[in-house]
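These notes are about the structure you will find just below.
Residue numbers (our numbering): 9 to 105.
What follows is the structure in structure tokens.
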């Protein structure tokens, strides 16, 4: 298996001695954006950096801060598909309010 081939095992080393899954994770973190959450006595503020990689991306369809319920929300900084899966799972796992 070459270094560029995907490996789904956490303990599989490449020919150069690197753990490929760790390399993929570090690259994903490096491509993420800054997010911040502030808790005050009156409420909570969450914010994120929303820089788009291409002028062809429609700004109106990119959401980085989501409300799950009236009392719960989250912000993501990383990979969009991961965020959508986590958001969907969180929504279905929360008890009804």
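For each residue, glycine too, the CB sits at the ideal point set by N, CA and C.
- Ranked by Cα distance from residue 72, the first of 19, 88, 66, 27 is 88.
- Secondary structure at residue 98: helix, using DSSP grouped into helix, strand and coil.
- Contact between the stretch 89-104 and the stretch 55-63 is not established, with fewer than three Cβ pairs separated by less than 8 angstroms.
- Non-local beta-carbon contacts of residue 45 in its own chain, meaning distances under 6 angstroms to residues more than five positions away in sequence, involve 54 in chain order.
- Shortest Cα-Cα distance from residue 93 to any of 79, 22, 74 involves 74.
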